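Data first, discussion second: the structure below is written as structure tokens.
Numbering (our numbering), first residue to last: 587 to 802.
This is the structure:
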């Protein structure tokens, strides 16, 4: 019933004639205007939020995502990423040595097309420039988001994933060869950047950088 309704404060201030005074009418009208405005703001806010949610879902739908852990490696081995140049994003969790890193979901990743000095070469004694290569790689990738590009063969004989590693526009495999901390190391059938690596190796040799600075 009407007796049970709670009226705005302006409704309770009736004049002696039983009608609103001019100030009361203004107060009541202002109350109604503010309420309507709040409703409009709420409706617009909900619409904007819904649009944002739809946009995020659409982005996730069209953005390439790596297969999840369960069938990841089998999906990689069945693909032809070397032709498309598709890259997938992960986070580097550890640098094992100059040419091997650990990433989320995949575990150990061996950088394709290069070979750096070994950290555990002879009874745990590193080869010359092994520590320098590892430190250089750590500066580039450790704890960062990396993009992996795959070639024809996706695993090596030790079960490690084989990949070209990028951080932004920096090509990690190539940088290691360029500064003389890695040799060009071609194992068929992965040969996508073979020509680039051989060229960078020649330049590093000519300038006697890193491993090429030692007496021959």
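Cβ coordinates follow ideal geometry from the N, Cα and C atoms, glycine included. In this text, all values refer to a predicted model and were calculated from it rather than measured experimentally.
7 Å CB neighbourhood of residue i in its chain, flanking five on each side removed
| i | result |
| --- | --- |
| residue 795 | 765, 766 |
| residue 701 | 685, 768, 769, 771 |
| residue 720 | 681, 683, 684, 705 |
| residue 671 | 735 |
| residue 775 | 738, 739 |
Whole-Å CB distance - residue i paired with residue j, under 8 Å assumed
| i | j | result |
| --- | --- | --- |
| residue 753 | residue 697 | No, residue 753 and residue 697 are not in contact; Cβ-Cβ is about 12 Å, not under 8 Å. |
| residue 758 | residue 726 | 5 Å |
| residue 731 | residue 677 | 5 Å |
Cut-off 6 Å between Cβ atoms - residues of its own chain near residue i, not counting five sequence neighbours on either side
| i | result |
| --- | --- |
| residue 713 | 703, 704, 707 |
| residue 695 | 687, 689, 747, 749 |
| residue 722 | 767 |
Proximity to residue i [Cα-Cα], best of the options
| i | options | result |
| --- | --- | --- |
| residue 797 | 682, 681, 710, 718 | 718 |
| residue 788 | 763, 775, 742 | 763 |
| residue 773 | 744, 745, 739 | 739 |
| residue 779 | 793, 637, 760 | 760 |
| residue 782 | 699, 693, 743 | 699 |
| residue 693 | 744, 640, 715 | 744 |
One or two residues paired with residue i in a DSSP bridge
| i | result |
| --- | --- |
| residue 735 | 673, 750 |
| residue 694 | 688 |
| residue 776 | 773 |
| residue 683 | 686 |
Near the ligand GDP: residue i beta-carbon under 7 Å from a heavy atom
| i | result |
| --- | --- |
| residue 723 | With respect to the ligand GDP, the structure offers nothing, as it holds no ligand at all. |
Closer than 8 Å to chain E by CB, residue i
| i | result |
| --- | --- |
| residue 671 | Protein chains in the displayed structure number just one, and chain E is not present. |
Where residue i falls: helix, strand or coil (DSSP)
| i | result |
| --- | --- |
| residue 715 | coil |
| residue 765 | coil |
| residue 756 | strand |
| residue 626 | helix |
| residue 795 | coil |
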